[in-house]
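Just so we're on the same page, the numbering used here is the position in the first sequence counted from 1, plus 8. All C-beta atoms, glycine included, are put in the ideal place defined by N, C-alpha and C. Take a look at the structure set out below.
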Amino acid sequence: MPELPEVETTRRGIVPWVEGRVIQGITVREPRLRWPVPPGIGERVAGERVHRIRRRGKYLIFELDGGAVLLHLGMSGSLRVNPSGVPPGKHDHVDFLMEGGCCLRLTDPRRFGAVLWAPAPVDAHWLLRDLGLEPLDGEFTGDYLYEHARHRRVSIKDLVMNAKVVVGVGNIYANEALFHAGIRPGIAARRITRARCSRLVEAIKSTLEDAIRAGGTTLRDFVGSDGQPGYFSQQLCVYGRRGEPCRICGSVLKAAKIGQRSSVYCSHCQQ
DNA sequence: CCCAAGACCTGGCGGC
DNA sequence: TGCCGCCAGGTCTTGG
Numbered sequence: 009m010p011e012l013p014e015v016e017t018t019r020r021g022i023v024p025w026v027e028g029r030v031i032q033g034i035t036v037r038e039p040r041l042r043w044p045v046p047p048g049i050g051e052r053v054a055g056e057r058v059h060r061i062r063r064r065g066k067y068l069i070f071e072l073d074g075g076a077v078l079l080h081l082g083m084s085g086s087l088r089v090n091p092s093g094v095p096p097g098k099h100d101h102v103d104f105l106m107e108g109g110c111c112l113r114l115t116d117p118r119r120f121g122a123v124l125w126a127p128a129p130v131d132a133h134w135l136l137r138d139l140g141l142e143p144l145d146g147e148f149t150g151d152y153l154y155e156h157a158r159h160r161r162v163s164i165k166d167l168v169m170n171a172k173v174v175v176g177v178g179n180i181y182a183n184e185a186l187f188h189a190g191i192r193p194g195i196a197a198r199r200i201t202r203a204r205c206s207r208l209v210e211a212i213k214s215t216l217e218d219a220i221r222a223g224g225t226t227l228r229d230f231v232g233s234d235g236q237p238g239y240f241s242q243q244l245c246v247y248g249r250r251g252e253p254c255r256i257c258g259s260v261l262k263a264a265k266i267g268q269r270s271s272v273y274c275s276h277c278q279q
């Protein structure tokens, strides 16, 4: 379920093991991910130092000389640091063998993840170039959201999940942020006032920050990169709580399909 | 350009 | 216990 907080938690977990170290080689057991893992990627990156690991939306970017490895966890991916020599499991598709002997392992049962090479300038890569603002960036404001919302016929939930507007807001945190902002997920974006856009932007920021602080949400198959689960699931107000009482007013939470995705909301607290 | 729906995959769950 | 249909974190692609 990696959304932005899970990806950021993963990034922070692997930085001490990867940043500043040389990649000795890559083992690709299963190249059939969202896009095929490029056949020559091992030769391209072997012997290169990872200068920095940064995040853009839900992409992890390993910056090397002359380009970067782009990594996406899809819907079911996770990255772990293993001591080398741990036998791979069925869904352990790619290993990065690091200087010092540890092994960064990508596990992804559904294979919606990606491992790609992006030549410099990395941000011009076709997967990155059209991405919208980072939600935690100061440029992401109520006015920015309002300008993107005011002529759009899609629901406000679809709009905040649109990566061309703002990155990193997936189904879980869209539901949560709309609850905290008191906005029904199915309302047309064009009907949201500037003031409510501001409230929603603040809710998106605080929800993501709280989730990062908690180490992400634990759902089914996500485990933090250090092998420990995150704790944000204990703070979820609506996601996965259809039929349960609202934590604020006690009303039974309702569910609806919006833009093909399940949405849960409180019909009393959200208007 | 905008929007809705389809596509890619596997695994877990509830129901019978 | 076994099988079947449904559902799930994402997001690119297609067609209207």
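Asked                                                                                                                           : Found
Helix, strand or coil at Glu16 according to DSSP, with G and I counted as helix                                                 : helix
Residue from His80, Ala122, Leu261 and Pro47 whose Cα sits closest to the Cα of Arg192                                          : Leu261
Pick from Leu112, Arg37, Arg249 and Ile212 that is closest to Glu27, judged by C-alpha positions                                : Leu112
Residue burial classification, Gly33 (beta-carbon count within 10 angstroms, cutoff 16)                                         : exposed
Alpha carbon of Val168 to alpha carbon of Gly93, nearest angstrom                                                               : 43 angstroms
Coil, strand or helix - Pro96 by DSSP                                                                                           : coil
Ile256 burial status per 10 Å Cβ neighbour count (16 or more: buried)                                                           : exposed
At least three beta-carbon pairs within less than 8 angstroms, the region 29 to 49 to the region 193 to 210                     : no
Element boundaries [alpha helix (DSSP H), containing Val168]                                                                    : Ile164 to Val168
Buried versus exposed call for Arg19 [16 or more other C-beta atoms within 10 Å across all chains shown]                        : buried
Residues of its chain near His276, where Cβ-Cβ distance is below 6 angstroms and the 5 sequence neighbours each way are ignored : Cys257 and Ser259
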